[in-house]
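What follows is a set of notes on a single structure, which appears directly below.
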Amino acid sequence: MPFTPPKPIAPTPEDLRGSTILVVDDERAWRVILETDLRMLGYHVSMAEDADQALEKAQSDQPEVAIIDLMLPEPMDGWGLLSELRARGQKLPVIFYTAYPVFPSGTDDPDVVGYMSKAVDRADLYALLPPAIRRSRERRGEES
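Each residue of the sequence shown is one higher than the last, beginning at 143 in the working numbering.
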């Protein structure tokens, strides 16, 4: 079987470097992978291993985008975390990702900007970040 090289990861636009991305995943290996990649791309990374930590980090670090594993452990999965973030007034764009290839249709939230499988090329995931950050910044500008 021939080797298929990964897609190249697009460089982060200069005006978005330093943006804070909240990564929420109970699997340490995935947190480390995403943190390493995102830092290399010039982002600041806030990490959480469960929904409770994510809620604290969302409040304290004011991320511009959250990448959330749908299958977080009980008592609050990714959908529950999204609901609680919204209940607390956090309107940041969210990218859901999961090890499962099928995504349930459980929200009409316009700020869920993507659903990604952990099996896909991470370049596809990272390509969602610049427009999501710009959306977040536009909203924050409207609220100021």
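The beta-carbon is built from N, C-alpha and C at its ideal position, and this holds for glycine as well.
The structure presented is a predicted model; accordingly, all values stated were derived computationally and were not measured.
Tell me whether Val174 sits in a helix, a strand or coil according to DSSP, three-state version. helix
Does the region 230 to 241 come close enough to the region 211 to 221 that 3 or more CB-CB pairs lie under 8 Å? yes
Using a Cβ-Cβ cutoff of less than 8 Å, which residues in the same chain neighbour Arg230 once the five nearest sequence positions on both sides are dropped? Leu197, Ala200 and Gln201
Based on the DSSP output, what are the partners of Arg255 in its beta bridges? Reading off the sequence, residue 255 comes out as Val, not Arg. According to DSSP, Val255 bridges with nothing at all.
Close-in-space but distant-in-sequence residues of the same chain around Asp219 (CB under 8 Å, 5 per side omitted): Ala193, Leu212 and Met213
What does Ala200 pair with, by DSSP beta-bridge criteria? DSSP output for Ala200 lists no bridge partner at all.
Would you kindly check if the distance between the Cβ of Leu164 and the Cβ of Pro217 is under 8 Å? no
Coarse secondary structure for Leu234, derived from DSSP in three states: coil
Count the other CB atoms within 10 Å of the CB of Pro235; is the residue buried (16 or more) or exposed (fewer)? buried
With a Cβ-Cβ cutoff of 8 Å, do Asp251 and Leu223 count as a contact? no
What are the residues that DSSP puts in a beta bridge with Ser188? Leu164
If you follow the alpha helix (DSSP H) that Asp219 is in, where does it begin and where does it stop? Premise fails: Asp219 is in no alpha helix (DSSP H) and is neither H nor E.
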